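Trainee: For reference, the structure I am asking about is given below.
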Amino acid sequence: MKAAVLGKPIAHSLSPVLHRAAYEALGLADWTYELVECDEPGLAAYVESRGPEWAGLSLTMPLKRTVLPLLDHVDHLAAATGGANTVVFRPEGRYGYNTDVQGIVDALTVAGAQAPASVTILGAGATACSALAAVGELGVAGADVVARDPSRAAGLLATAERLGLQARLRPWTDLGNDAATLPDLLISTVPAGAADDYSERVRLTRQAPLVVMDVVYHPWPTPLAQAAAAAGSLVASGYAMLLHQAAAQVELMTGKPAPLEAMRAAGEQELARRAAR
């Protein structure tokens, strides 16, 4: 059977390492997992040309949104967040799933996070939509969303409405407001470097949320993760999110329990190799 991860650019993806390690541990010697550079215009032709030997696809942005019209069935989280990062080919059609939500929930749980009373999400893009859905899965009614450009938060607000959650938009300048109350949980979904000013504030004041998650996984630790850990926060890593969302993908595609420790070890080895370059 075949599977692949699609995106553009895609060379940096850690997914092949994780999925191939899973296949090896599961004894699936005839399974392969490819790295495929594919843009939005090319996605439909690629998906529609897959034969019966294909088990599934992993998708990065912006393909997660583009793929939805190509699917026969979409799970409730993919529909709510407006994107599917997983496609599973079955005899009855193409199924789309969002395993990013499960990845965030599992990463927070492993880090020791309890049900938070208050949540702040940095960013308002696709990953923020998954973070908001994960907050709902944890039993929280909603979150404050600190966005650099609130005008681009329409997708997140739509996700909140579909899930019956609250999303309170706040300006980016609120991060520097000393009077602002610290949340129990902060999830940063912004790119590397975007939260550095906030990280520096945490470093200087040594005041941080009880739990901090940064979805950036390389290089690790990020300045935010370092500052939060020094201030006493529990820290959930972007790598843990990546690992657990990949494990969910493996289970959906193979129908077998994911060999999490084998996947974790392979991914950590690859990240160490990249860091040593």
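Here the sequence shown is numbered in my numbering, starting from 7 and rising by one per residue. Virtual Cβ for every residue (Gly too), placed ideally from N, Cα, C. Since the structure is predicted, the reported quantities are computational estimates derived from the model, not experimental observations.
1) Compute the Euclidean distance between the alpha carbons of residue 192 and residue 58, then round it to the nearest angstrom.
2) Using 10 angstroms around the beta-carbon of residue 203, count the other beta-carbons present and answer buried if the total reaches 16, otherwise exposed.
3) Can you tell me whether residue 246 is buried or exposed, with buried defined as 16 or more other CB within 10 angstroms of its CB?
4) Whole angstroms are fine: how far does the CA of residue 33 sit from the CA of residue 167?
5) Short check: CB of residue 244 to CB of residue 24, under 8 Å?
6) Note down the Cα distance separating residue 187 from residue 209, rounded to an integer number of angstroms.
7) Assuming residue 85 is part of the alpha helix (DSSP H), what are its boundary residues?
8) Going by DSSP, what residue range makes up the alpha helix (DSSP H) through residue 161?
9) Straight-line CA distance for residue 201 to residue 194?
10) Based on Cα-Cα distance, which residue from 102, 92, 110 lies nearest to residue 79?
11) My guess is that residue 19 and residue 49 are in contact by the Cβ rule of under 8 Å, so how many angstroms apart are they, rounded?
12) Do you know whose CA, among 51, 120, 45, 89, lies nearest residue 215's CA?
13) What runs of the alpha helix (DSSP H), each 4 residues or longer, lie entirely inside the stretch 119 to 203?
14) Quick one, are the C-beta atoms of residue 144 and residue 111 less than 8 Å apart?
15) Using the Cβ count rule (16 or more neighbours within 10 Å means buried), how would you classify residue 105?
16) Which of helix, strand or coil does DSSP assign to residue 57?
17) Are the Cβ atoms of residue 159 and residue 151 separated by less than 8 Å?
18) How far does the beta strand (DSSP E) with residue 67 in it reach, from first residue to last?
19) Could you spell out the range, first to last residue, of the alpha helix (DSSP H) harbouring residue 230?
20) Can you name the start and end residues of the beta strand (DSSP E) that residue 243 belongs to?
21) Going by the CB atoms, is the gap between residue 62 and residue 259 shorter than 8 Å?
22) Taking residue 87 and residue 136 to be in contact with their CB atoms under 8 Å, please state how far apart those CB atoms are, rounded to whole angstroms.
23) For residue 172, which residues of its own chain have a beta-carbon under 7 Å away from its beta-carbon, when the five flanking residues on both sides are left out?
24) Can you give me the Cβ contacts of residue 123 inside the same chain, cut-off strictly under 7 Å, excluding the 5 residues immediately before and after it?
25) How would you label residue 179, buried or exposed, when you count the other beta carbons within 10 angstroms and need 16 or more for buried?
26) Could you round the C-beta distance between residue 4 and residue 93 to whole angstroms and report it? I think they count as a contact, below 8 Å.
27) If you run the structure through DSSP and keep just helix, strand and coil, what is residue 261?
28) Could you tell me the alpha carbon to alpha carbon distance between residue 118 and residue 8, rounded to whole angstroms?
29) Among 97, 90, 96, which residue has its Cα nearest to the Cα of residue 108?
Mentor: Concretely, from the data shown:
1) Rounded to whole angstroms, the gap between the alpha carbons of residue 192 and residue 58 is 43 Å.
2) Residue environment analysis places residue 203 among the exposed positions, since fewer than 16 neighbouring C-beta atoms fall within 10 angstroms of its C-beta.
3) The residue in question, residue 246, is buried, as its Cβ has 16 or more Cβ neighbours within 10 Å.
4) In this structure, the straight-line span from the alpha carbon of residue 167 to that of residue 33 is close to 43 Å.
5) In terms of Cβ geometry, residue 244 and residue 24 do not form a close pair [threshold 8 Å].
6) Using only the alpha carbons, I get a separation of about 17 Å.
7) Unbroken alpha helix (DSSP H) run through residue 85: 82 to 87.
8) First-last of the alpha helix (DSSP H) with residue 161: 160 to 169.
9) Between residue 201 and residue 194, the C-alpha separation is close to 8 Å.
10) Considering only alpha carbons, the answer is 102.
11) Contact between residue 19 and residue 49 is ruled out by a C-beta separation of about 16 Å, above the 8 Å threshold.
12) Checked all of 51, 120, 45, 89; the closest Cα to residue 215 is 120.
13) Runs of the alpha helix (DSSP H) inside the stretch 119 to 203: 132 to 143, 160 to 169.
14) Less than 8 Å divides the Cβ of residue 144 from the Cβ of residue 111.
15) Flag for residue 105 reads buried.
16) Look at residue 57 here: in three-state DSSP terms it is coil, with no helix or strand label.
17) Yes, they are a contact pair.
18) First-last for residue 67: undefined, no H or E at that position.
19) Here the alpha helix (DSSP H) through residue 230 covers 229 to 236.
20) Here the beta strand (DSSP E) through residue 243 covers 240 to 243.
21) With a cutoff of 8 Å on beta-carbon distance, residue 259 and residue 62 are scored as near each other.
22) About 5 Å separates the two Cβ atoms, so the contact holds.
23) For residue 172, same chain residues with a beta-carbon under 7 Å away, outside a window of 5 residues either side, are 147, 148, 166 in chain order.
24) Correct list, in chain order: 190.
25) Exposed, because fewer than 16 other Cβ atoms sit within 10 Å of the Cβ of residue 179.
26) This structure does not reach residue 4, given that the chain is present from 7 up to 283, and the question cannot be answered.
27) DSSP places residue 261 outside both helix and strand once states are collapsed to three, so it counts as coil.
28) A straight-line Cα-Cα distance of about 36 Å links residue 118 and residue 8.
29) Nearest C-alpha to residue 108: 90.
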